[in-house]
Each structure stands twice: as C-alpha cells, then as structure tokens.
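Using our numbering, read the sequence shown as starting at 59 and increasing by one per residue. The beta carbon of each residue, even a glycine, is placed where N, CA and C say it ideally should be. Notes to accompany the following structure.
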Amino acid sequence: MRVLKFGGTSMGDESTWRKVLDIIRNYEQPFVIVSATARTTRQLWAVAEQALHDRQEAAKSAGKIRERHENIITNFLKNVPDSSQTIANDCLSWIEEKTQKLESYLDQIYEQKELNPQTKDAVAAIGEQLSSYLFVKCGEVYGLPAVWIDAADVIRTDSDFGQAAPDTDFINKKATSVLDMNAGRIPVMGGYYGQDADGNTTTLGFEGSDYSASLIGAALSVEAIEIWTDVSGIYTCDPRVIADARPIAELSFQEATELAYFGAKVLHPSTTKPASQKQIPVWVKNIFEPDQPGTRISHETHPGGRVKAMTFKENCVVITITSQNTVMGYEFLAGVFEILRWHHLPVDVVTTTEASVSIAIEKNNGINKAIEQLETYGTVDLKPGQGIISLVGCNTNNAQLLVTNVLKDINSASVNLISFSQSKGNLNVVLDKELVIPSVRAIHKRIFG
Ligand code: ADP
Ligand code: MG
59 MRVLKFGGTS MGDESTWRKV LDIIRNYEQP FVIVSATART TRQLWAVAEQ ALHDRQEAAK
119 SAGKIRERHE NIITNFLKNV PDSSQTIAND CLSWIEEKTQ KLESYLDQIY EQKELNPQTK
179 DAVAAIGEQL SSYLFVKCGE VYGLPAVWID AADVIRTDSD FGQAAPDTDF INKKATSVLD
239 MNAGRIPVMG GYYGQDADGN TTTLGFEGSD YSASLIGAAL SVEAIEIWTD VSGIYTCDPR
299 VIADARPIAE LSFQEATELA YFGAKVLHPS TTKPASQKQI PVWVKNIFEP DQPGTRISHE
359 THPGGRVKAM TFKENCVVIT ITSQNTVMGY EFLAGVFEIL RWHHLPVDVV TTTEASVSIA
419 IEKNNGINKA IEQLETYGTV DLKPGQGIIS LVGCNTNNAQ LLVTNVLKDI NSASVNLISF
479 SQSKGNLNVV LDKELVIPSV RAIHKRIFG
C-alpha cells in the first residue's frame, strides 16, 4: 500500500483533478491525502482577518471561495457523460453547508472583534473539508471506489492551535480501523487539519498536508509515501528562482529535513519524521510529468558532488542579546532559549561570543513579545531585513574551499552570521535580504552550473 498526497496546485481546477484521478487509478490500494484547492487556505485566512473590521467585504470574499468550488464541480461533472444530478446536488449542498459554517465563524469574529488561533484553525480547515469531500464525489463518477474520511476522526492532536502536535498512538489505531472498515475502497482524506480531544478543529501548521500524509503512512506502515506536486522532485534550488536548477535523484531523510527547515517550500519540515522512524521512503513527484522519476528520500545516503542542494529565506531578523554580566553563563543561554521555546520561535542560525548570543530567525508574530522578555537578560539589538542562504549535503572533503568560494560569491561585507557543521555538511550564511537572490544565483552557478 502507498500513501499518495496531492497538494494545492494538483487540486487547482477540474483538469488537474482529472490528472490526479488518472494517477490514482494506477495504484492498487492507495490511501489518498489532498490539500485544499490552490490558494484557498491563504484566502480563508484573509477572509477571517477581513471579518475583524469589514463583515460585508468578508462575505464577498467568502462568496468567491464558494464560487470557485462550485465552478470546479460544474466543470468537472460537465465532462463526465453519465454523472447523475444527485451527485451534483450532493456536492452543491456540501459547498452550501461549509459556506454557512464559514459565515457563522465570520459573524463570531466580527461580533467579538477577535480572531484567536482556535477560530483561525476552524476557518482554515474548511479548505480541506471542501476539497476532500468534493474530490471523492468526482472520483466516484470517474469510476473509482473512493470513500471520504474526515481527518477530524483520524488525526487526533493536542490543542496547540496553528501548529498542533499529533497523538500518534491514536492516529495509528484509528488509521488501521479506517482501513479495515473500508476494505476494497480508496480512502481519501483532507490533509492539514485534525481535532483535539475536546472536539476542536486544529491544524498541523501551514503546508501541513505533507505531514498528514507521513503520519498516515507511518501509521499503516506503507511501502512508500508519494508527495505529488507541480515539480519533478526536490531541486538543487527553488526552480522558480533558479531556472537551471535540476531535480535531485536521491536524498537522505536528514538532508531533506534540513532543506525543508531552511526554506525549500516543496516539503513541510516535519514530513520526514514519521516516515524516517518507520524507514518508509518518501517520493516527490510531478502530476504534470508523472513518468519523471522524481526524488526518493530514504535512509540511504548517496555521495553527491560538492553540495546536494541549496535553499534560502528572505524574511529574517538577527537578534543579538548581550549579557549584562561580563562572563556569559549557561544560565544566560538557557534563559534566552527558554524564551524562544515559550514563543515557538524556531532558531535558524546561532553564534555566540564571550558575552553575547546572536540568533537568526524568521520574522513571525511572536517576535516582539519575545524581545520584551529577552530584555530582562541583557541588551537586545535587532537587525531586520535579513535573509539566510543554506547549503545542504556539503561534501566535507573539500569544505574549506567550498566556504571560501561561497563567501567569494557573496559580498562578504554584508554577511552577518555564518555557521558550518562539518559533521552534518551544512553551511548557513545570514546576510542582507537584498543580496539573497543575486548571491543564490551566483553560488548555484558556481556549484551546479
Ligand atoms: P503543493 O501545493 O503541491 O504542496 P508547494 O507549492 O507546497 O506544492 O511546493 C511545490 C513548490 O515548491 C514548487 O512549485 C517550487 O516552486 C517550490 N520549491 C521551493 N524550493 C524547491 C526545491 N528545492 N525543489 C523543488 N521545489 C521547490
Ligand atoms: Mg506543499
């Protein structure tokens, strides 16, 4: 058995839905995870924000989301000769029901003038609740024995809204029983969302559908997890920025995780964890070029050239905390990291000096509150407008030359922090944001060109 996950672009419109169904048809017994239709999650968030101050505009935007789903269904069914009116009605009333639900959240947000993480999750999950159910109905008329699985029943999480942690014991049991109850059918579940023990909707974090796929894959000990998207694998760099980036045939779990963590948008950073624990290979494949091999991520490590891949982030800040005492103690470091933990701020790059610590992190809503607290430990200096370039899978035999060359390609005067791990083959350079893209181009050309 394989888990197949289809992302937002794959769920873009009726023509990609057909492509996806044609792919699913080739598998004997898949478990399918789908994202919301393209751009829907972002739009749902925007609608919720709008409802804080302009209820009418929010209603208009909600109407657009509804309309887009209605169009997909109408266009899809139009092209299937003997689809019945019953299916069309079923789909339209599902869309109506979810729109009503969205409207009632918008009322609540408008009346209370508050959008808390719990409501934000409930609103965001509507995207996958729509896409997954409608996709099952289209699958049925397309001749596939698809069955809808509500992720709320399977993906049990804690109540950390916005980035909930899965309860894997519960998920393992539930996924197995879902499979038993639906023998001979193709389960289709929305990714990204789940439910806590009190019945509240939660989400696994932005782009969390990859993570859902990996959790289900691990729960069912499948033979492979396939992440289907709009590019033929994980590339040496984001192909949208580097035109001659090329797909990498094989990556280790660790290399893929690092790429995801340091900004390669193609995979959610937690995706590899459940798969790696169960030693299940993860494939990244392209719905538009299904015959391309894509990338295989597994436990095996394959020596690459000088570097396996590179990635970047453009929206970071560097926070430097200088201890008031002359000697930097472990209390100081522990205190600083405890604050970051409390605010869920994942650290990208750290460097220390005798009395200070500098931390590069991605900009995020929690930062200001964290800074207030950090000020109790010393003076805090903030450097906004930063980016990070990360090289993953560096061949450690030639590390010195590599670092020298990378720095040559960047205007060294603008480099703010550097970290290099020989054992992990990982080089991170923090620099002024404006220089990220030109430097990435130069480095990619030197290493992969
Ligand atoms: P999906 O909607 O299928 O989840 P995503 O947009 O999340 O798709 O991920 C696919 C996109 O990730 C690609 O279109 C590509 O632009 C981007 N991307 C960024 N870095 C990389 C990389 N190193 N390799 C491949 N794709 C990348
Ligand atoms: Mg994605």
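Check the C-beta distance from residue i over to residue j and give it rounded, since I have them as a contact under 8 angstroms.
i              : j                : result
tryptophan 286 : phenylalanine 64 : 5 angstroms
cysteine 374   : histidine 502    : Cysteine 374 to histidine 502, Cβ: 20 angstroms. No contact.
glutamine 382  : glycine 436      : 5 angstroms
asparagine 240 : glycine 363      : That belief does not hold up - the Cβ atoms of asparagine 240 and glycine 363 are roughly 46 angstroms apart, past 8 angstroms.
valine 405     : isoleucine 397   : Wrong, their Cβ atoms sit about 11 angstroms apart, outside the cutoff.
valine 464     : leucine 485      : 7 angstroms
glycine 66     : alanine 109      : In fact, because the Cβ distance is near 23 angstroms, the residues do not count as touching under 8 angstroms.
valine 408     : isoleucine 379   : The pair is not a contact, with the Cβ atoms about 11 angstroms apart (cut-off 8 angstroms).
proline 203    : glycine 242      : 7 angstroms
tyrosine 168   : arginine 124     : Not really, about 18 angstroms apart at Cβ, beyond 8 angstroms.
histidine 357  : glutamine 337    : 6 angstroms
serine 472     : leucine 493      : 5 angstroms
alanine 457    : glutamine 480    : 6 angstroms
isoleucine 495 : valine 299       : 6 angstroms
leucine 59     : valine 280       : Here residue 59 is methionine; the residue named in the question, leucine, does not match the sequence. Confirmed, Cβ separation roughly 5 angstroms.
Any idea if residue i is buried or exposed, counting beta-carbon neighbours within 10 angstroms, 16 or more meaning buried?
i              : result
tyrosine 200   : buried
proline 245    : buried
proline 88     : buried
tryptophan 75  : buried
tryptophan 206 : buried
aspartate 467  : buried
histidine 326  : buried
glutamine 187  : buried
aspartate 140  : exposed
serine 328     : buried
histidine 402  : exposed
glutamate 265  : buried
proline 339    : buried
threonine 144  : exposed
alanine 307    : exposed
aspartate 268  : buried
glycine 445    : buried
threonine 157  : buried
lysine 343     : buried
threonine 99   : buried
leucine 79     : buried
glutamine 2    : Only positions 59 to 507 of the chain appear in the structure, and residue 2 is not among them; the question remains open.
alanine 209    : buried
Ends of the alpha helix (DSSP H) at residue i?
i              : result
glutamate 72   : 72-83
glutamine 335  : 330-335
leucine 135    : 113-136
methionine 239 : 226-239
alanine 322    : Alanine 322 -> no alpha helix (DSSP H), and no H or E assigned at all.
alanine 301    : No alpha helix (DSSP H) contains alanine 301, which DSSP labels as neither H nor E.
arginine 97    : Neither: arginine 97 is in no alpha helix (DSSP H) and is coded neither H nor E.
Below 8 angstroms CB to CB, which residues in the same chain sit around residue i once its five sequence neighbours on both sides are set aside?
i             : result
aspartate 254 : Arg214, Thr215, Asp216, Ser217, Ala222, Thr260
glycine 178   : One point to set straight first is that residue 178 is lysine, not glycine, in the sequence displayed. The residues are Trp103, Ala106, Phe219, Gly220.
valine 450    : Glu313, Glu316, Leu317, Phe320, Val365, Lys366, Ala367, Met368, Thr369, Gly483, Asn484
lysine 323    : Glu265, Asp296
glutamate 128 : Leu150, Ile153
aspartate 211 : Lys232, Val236, Gln253
Could you give the first and the last residue of the continuous beta strand (DSSP E) run that contains residue i?
i                : result
phenylalanine 64 : 60-64
tyrosine 251     : 251-253
aspartate 490    : 484-490
glycine 248      : 244-248
proline 496      : Proline 496 -> not in any beta strand (DSSP E); alpha helix (DSSP H) instead, spanning 494-506.
valine 340       : 340-344
isoleucine 91    : 88-92
isoleucine 355   : 353-356
asparagine 474   : 473-479
glutamate 308    : 308-310
CB-CB under 7 angstroms to residue i, same chain, minus the five flanking residues each way: which ones, in chain order?
i           : result
leucine 309 : Ile292, Thr353, Ile355, Lys366
alanine 314 : Ile292, Leu325, Thr330, Ile355
lysine 421  : Asn373, Cys374, Val375
glycine 393 : Tyr435
valine 138  : Val199, Tyr200
glycine 248 : Val92, Glu186, Gln187, Ser189, Ser190, Ala209
So with Cβ pairs under 8 angstroms, would you call residue i a contact of chain D?
i           : result
leucine 173 : Chain labels in this structure do not include chain D; a single protein chain is all it has.
Tell me which same chain residues have a C-beta within less than 6 angstroms of the C-beta of residue i, skipping the five on either side of it?
i           : result
leucine 273 : Pro224, Ile229, Pro332
alanine 271 : Val61, Lys63, Ile91, Ile283
serine 448  : Phe320, Thr369, Asn486
alanine 120 : Val105, Leu160
- Message: Quick check for students: name the residue ranges of the beta strand (DSSP E) that lie wholly in the stretch 171-222, counting only runs of 3 or more.
- Response: 204-207
- Task: Could I get the ranges of all uninterrupted beta strand (DSSP E) runs contained in the stretch 381-466, with 3 residues as the minimum, in chain order?
- Result: 405-410, 414-420, 436-450
- Could you tell me which uninterrupted alpha helix (DSSP H) segments, each at least 4 residues in length, are contained entirely in the stretch 260-290, listed from first to last along the chain? 267-277
- In chain order, which alpha helix (DSSP H) runs of at least 4 residues are fully inside the stretch 143-175? Counting whole runs of 4 or more residues, the stretch 143-175 contains the alpha helix (DSSP H) stretches 143-170.
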